[in-house]
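Undergrad:
Residue numbers (the working numbering): 135 to 363.
1) Please name the residue in 317, 216 and 169 whose C-alpha comes closest to that of residue 263.
2) Determine contact between the region 177–184 and the region 251–267, defined as no fewer than three beta-carbon pairs at a distance below 8 Å.
3) Considering only their Cβ atoms, is the gap separating residue 326 from residue 343 smaller than 8 Å?
4) DSSP three-state call for residue 162: helix, strand or coil?
5) Between which residues of its own chain and residue 365 is the CB-CB distance below 6 Å, once the five residues before and five after are set aside?
6) Can you check the region 172–234 for any beta strand (DSSP E) of at least 3 residues that lies completely inside it and give the ranges in chain order?
7) For the beta strand (DSSP E) that residue 244 lies in, which residues bound it at each end?
8) Should residue 303 be labelled buried (16 or more other beta-carbon atoms within 10 Å of its own) or exposed?
9) Counting Cβ pairs closer than 8 Å, one from the region 187–197 and one from the region 209–229, do we hit at least three?
10) When the Cα of residue 355 is compared with those of 306, 330, 305 and 207, which residue comes out closest?
11) Identify whether residue 141 lies in helix, strand or coil by the three-state DSSP scheme.
12) Report all residues from its chain with a CB closer than 6 Å to the CB of residue 352; omit the five preceding and five following residues, and keep chain order.
13) Once DSSP output is grouped into helix, strand and coil, what is the label at residue 261?
14) Is the distance from the Cβ of residue 363 to the Cβ of residue 261 below 8 Å?
15) Going along the chain, which unbroken runs of the alpha helix (DSSP H) with 4 or more residues stay wholly within the region 294–351?
16) If you draw a straight line from the C-alpha of residue 359 to the C-alpha of residue 258, how long is it?
17) Where does residue 290 fall in DSSP's three states?
18) Can you find the residues in the same chain that come closer than 8 Å, C-beta to C-beta, to residue 367, ignoring five residues on each side of it along the sequence?
19) Strictly by DSSP, which residues pair up with residue 366?
What follows is the structure in C-alpha cells.
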C-alpha cells in the first residue's frame, strides 16, 4: 500500500487499527468503475488511500448528479454502520488508486466489537450528512464558476497531485450542467492562470487563487470535517 493512509483508520488506537486492517484487503480502484448502484446490496466497505470515489444521485431518467466525494478522509459504505444493507447512491471511481476493502459481514462483526471505530464512524456520518446538505444548497444558489472551482479543490485534495485526468463531459455530468457552461467556466479559470487544461489533463497552477474563486461551500466543508474529525 501507499505510505499515505486513510484518515479514519489513522484516528483509531493502534490495537483497534491493527484489528480492522487484519480483516481488510488492499485493492486498486480503477478509474470509471462503478462500485455499486442505488438500491443494490452493499457487499464491501472501502477506505480509500490515494484513490477517490464520486457519489452520484439518480433522478428519473437523468444521468445523475454528484452529491459527494470520498477519498482518504472517509469511507464508502457508511450505510452499513447504520444497519442498512442497501446502497443509497451510485458510487463511481473518479480517481484511480489504492484502497482498503472489507467484506460487509466482516465489517459488521468488527464494528460490533470496536468501540473506537463506532465513535469515528458516527462523527464521519455526521460530517457526510452536513456535506450532502451543503451540496444541495450549492447546486441551487451558486454559479457554475465557483462550483467548478470547489469541485477542482475537492479533487485536488484527494488526488495528492497537481495533475489529474478529467474531461469537460465528465465535469458537466458531475455538476449537472451543460458542457458549454463547463467550457466557459474552465476557460475563465485557465485565462486567470489558476489551471491549465490540455486534452483531458488538468493541472492546478494556483491553488490559493482557486480557493479565492470557489464558493464558500468548500471552506464550510473543510471546517465541518476539521471540527468533528
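Ideal Cβ positions, reconstructed from N, Cα and C, are used throughout, including at glycine.
Computed from a predicted model, the values in this text were never measured in an experiment.
TA: For this structure:
1) If we check each option's Cα against that of residue 263, 216 comes out closest.
2) no
3) yes
4) strand
5) Absent from the structure is residue 365, since the part of the chain shown begins at 135 and ends at 363.
6) The DSSP assignment places 178–182, 186–191, 199–204 and 224–229 as complete runs of the beta strand (DSSP E) inside the region 172–234, in order along the chain (cut-off: 3 residues).
7) Element bounds for residue 244: not the beta strand (DSSP E) but the alpha helix (DSSP H), 238–247.
8) Burial is judged here by how many other beta carbons sit within 10 angstroms of a residue's own beta carbon; residue 303 has fewer than 16 and is exposed.
9) yes
10) Cα-wise, what sits closest to residue 355 is 207.
11) helix
12) Correct list, in chain order: 284 and 287.
13) helix
14) yes
15) Within the region 294–351, the complete alpha helix (DSSP H) runs of at least 4 residues are 302–309, 313–325 and 341–347.
16) 8 Å
17) helix
18) A question about residue 367 goes unanswered here, because the residues of the chain that appear run from 135 up to 363.
19) Outside the shown range of the chain, which is 135 to 363, sits residue 366, and nothing can be said about it.
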